[in-house]
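**Q**
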């Protein structure tokens, strides 16, 4: 796993041991950032299920102004901090449950990455909660990653939904705030 483009291009990121964190495959990450490449520069980014931090770090490398990483596990937060250090990037790392974070969040973001554990309902719950609160700038985007076969609602109040982008067994969907 590496940073694909930008200031930290080519730097290898540390990956976790075990199966608690499932990093986004490089080819999926490359496709994702090809889709949103013009959205990233100068933005405030939230990597809500931080894991390794690779999505937020990729955004920082490509010119995002700031990234906030949230993960409930201390091991994941330590890994994000280490990967930030490896890439000479800075970001805010918060150890907290995603819903607790969303319920108390008073900041706004341009891009929110949602790549939670596949077997859980975290993605659906996070989308629902984000639609209920005001943390995404007008015209901001939510980038979701999910496994093939896991459906998302086509309607999300206050958002328009892009088409699904399929890469192997992974599906990316982007919601834009209207």
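Numbering (our numbering), first residue to last: 561 to 738.
Every residue gets a Cβ at the ideal spot worked out from N, C-alpha and C, and that includes glycine.
1. Taking the beta carbon of residue 664 as the centre, do at least 16 other beta carbons fall within 10 Å, making it buried, or is it exposed?
2. Three-state secondary structure (DSSP) at residue 593?
3. With a Cβ-Cβ cutoff of 8 Å, do residue 735 and residue 702 count as a contact?
4. Out of 614, 576 and 584, which one is the CA nearest neighbour of residue 568?
5. Do the CB positions of residue 676 and residue 686 come within less than 8 Å of each other?
6. On the criterion of 16 or more Cβ atoms from any shown chain inside 10 Å, does residue 693 qualify as buried, or is it exposed?
7. Would a C-beta distance cut-off of 8 Å place residue 610 and residue 564 closer than the cut-off?
8. Could you spell out where the beta strand (DSSP E) holding residue 732 opens and where it closes?
9. Put residue 586 into one of helix, strand or coil per three-state DSSP.
10. Is the stretch 588-598 in contact with the stretch 617-626, if contact means three or more CB pairs nearer than 8 Å?
**A** Quick answer:
1. Counted from its first residue, the chain shown places residue 664 at position 104. Under this definition residue 664 is an exposed residue.
2. The sequence position of residue 593 within the chain shown is 33, counting from 1. Helix, per DSSP.
3. Walking along the chain shown from the start, residue 735 turns up at place 175. Walking along the chain shown from the start, residue 702 turns up at place 142. The answer is yes: Cβ separation under 8 Å.
4. Working through the chain shown from its first residue, we reach residue 568 at position 8. Checked all of 614, 576 and 584; the closest Cα to residue 568 is 614.
5. Walking along the chain shown from the start, residue 676 turns up at place 116. Walking along the chain shown from the start, residue 686 turns up at place 126. Yes; because the gap between Cβ atoms is below 8 Å, this pair is in contact.
6. What you label residue 693 is simply residue 133 of the chain shown in a count that begins at 1. Label assigned to residue 693: exposed.
7. Here residue 610 refers to the residue found at position 50 of the chain shown. Here residue 564 refers to the residue found at position 4 of the chain shown. When the beta-carbon positions are compared, residue 610 and residue 564 stay at least 8 Å from each other.
8. Against the chain shown, residue 732 aligns to sequence position 172. Element bounds for residue 732: 730-737.
9. As a working note, residue 586 is residue 26 in the chain shown. The answer is helix: DSSP assigns residue 586 an H, G or I state.
10. Judged by pairs of C-beta atoms under 8 Å, the stretch 588-598 touches the stretch 617-626, as three or more such pairs exist.
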